[in-house]
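Enquirer:
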Amino acid sequence: MCDLARDMNPAMRVVEKRNFSLMHLVTRVHWENNRSNAMNQTTQQPVKCARCYQPVEKPIYRTIQFIGFDGMRKRSMRESLPFCSDEHASHEQMSREG
Ligand SMILES: [Zn+2]
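In the UniProt record's numbering, the protein residues as written are 1 to 98.
1) Does the beta-carbon of Ile-64 have 16 or more other beta-carbons within 10 angstroms, so that it is buried, or is it exposed?
2) Out of Cys-84, Gln-45 and Met-77, point me to the one whose CA is closest to Gln-54's CA.
3) Apart from the five residues just before and just after Arg-51, which ones in its own chain have a Cβ nearer than 8 Å to its Cβ?
4) Taking DSSP as the reference, what is the three-state secondary structure of Gln-54?
5) Is it the case that the Cβ atoms of Phe-66 and Glu-97 are separated by a distance below 9 Å?
6) May I have the straight-line CA-CA distance separating Met-86 from Met-77, to the nearest angstrom?
7) Quick check on DSSP: helix, strand or coil for Ser-80?
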């Protein structure tokens with residue numbers, strides 16, 4: 001019994017040490033992520049919804065088809081635009097179709 005207890009203790013200590021360094025690593029990764037996110041925010045303009053012009057944190061891109069002019073000729077064109085919601089994407093599509 002005594003021998004077993006003596007053998008267990010060093011093993012426990014090793015596990016604790018490993019956990020600590022893992023925690024340390026995770027904390028560091030979080031810090032690195034936060035730092036790069038903050039840097040992106042200062043350099044990037046927020047994307048605005050093509051329908052309501054509100055800044056969108058996570059825009060969804062939809063291909064909008066519309067009739068454009070290629071010189072003097074009417075032509076069906078398409079454009080990928082950011083939207084805040086599917087609803088606004090379909091509103092924009094409907095308004096372009098006239
Ligand atoms: Zn919108």
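Backbone N, C-alpha and C define an ideal beta-carbon position, used for all residues, glycine too.
Expert: Concretely, from the data shown:
1) buried
2) Cys-84
3) Phe-83, Cys-84, His-88, Ala-89, His-91 and Glu-92
4) coil
5) yes
6) Contrary to the premise, residue 86 reads as Asp rather than Met in this sequence. The alpha-carbon atoms of Asp-86 and Met-77 are separated by roughly 20 Å.
7) strand
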